[in-house]
Amino acid sequence: MNIGMTALFVTALSMAGLALASENSLYAGEESREIKALSKSEIDGLLAGKGMGYGKAAELNGYPGPAHVLELGDELSLTATQRQETEIVFAQMETAAKALGADLVAAERALDQAFGSKKIDESSLSELVKNIGDAQSRLRVVHLRAHLQQTEILNDQQISKYMVLRGYSRDGHENHHKHHHGR
């Protein structure tokens, strides 16, 4: 077999392997999950009140999150008052997020159980999914509100430094926090 034929043969085998691999679902192995739509780490994060990306719209647009502000407190030169106010914002957010995370996990569990028991129809499907959406939206508001509150606590220099410390681009983040009083 010459080199050209060998290359063609190897390419054909590779493509056949890819075709077989693509027949397997990306979800393979997830059918054994407790709640099919959520991984164990997602459930744990929701129940612990973690951010789970719900504050990303604020975070990436220059509105710091209280958990990260507390982690970076020394680098941001937080005053005692700023640290105390940030701890309050974080505690309120975490408490609300834990409760709403539990609501979301329960709503996802109800949907999963309805499908698992084969006792679901158009009407119950709509209601179950609406419950999930409501829990998600309330949870997202809690996280985004904490970012808004946190921005009111920091001054412009601290916000700029936060963005740098978190590794975000500075483009578009300068002088847009006109509504906070800073300290």
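Numbered by mature numbering (1 follows the signal peptide of the UniProt record, and there is no 0), the letters in the sequence shown go through residues -21 to -1, 1 to 162 in order.
Heads up, the beta-carbon is just placed ideally off N, CA and C, and yes, glycines get one too.
Counting of Cβ neighbours within 10 angstroms places Y33 among the buried residues, the total reaching 16 or more. Cα atoms of L25 and A86: separation of roughly 12 Å, rounded to the nearest angstrom. In this chain, the alpha helix (DSSP H) harbouring G24 covers K19 to L26. Taking a C-beta distance under 7 Å as the contact criterion, D91 and K19 do not qualify as a contact pair. Going by beta carbons, L79 and R117 fall inside the 7 Å limit. Residue pairing by DSSP places I14 opposite L17 in a beta bridge. Within the stretch 103 to 156, the complete alpha helix (DSSP H) runs of at least 4 residues fall at 135 to 144. The three-state reading of DSSP puts L51 in coil, since its state is none of H, G, I, E or B.
Put simply, the backbone Cα of A81 is about 11 Å away from that of Q115. Here DSSP, grouped into helix, strand and coil, assigns P45 to helix. Secondary structure note for I99: it is in no alpha helix (DSSP H), with a DSSP letter that is neither H nor E. Annotation for K35: the continuous alpha helix (DSSP H) segment containing it runs K35 to E38.
Here the stretch 37 to 55 lies against the stretch 123 to 138, with 3 or more beta-carbon pairs under 8 Å apart.
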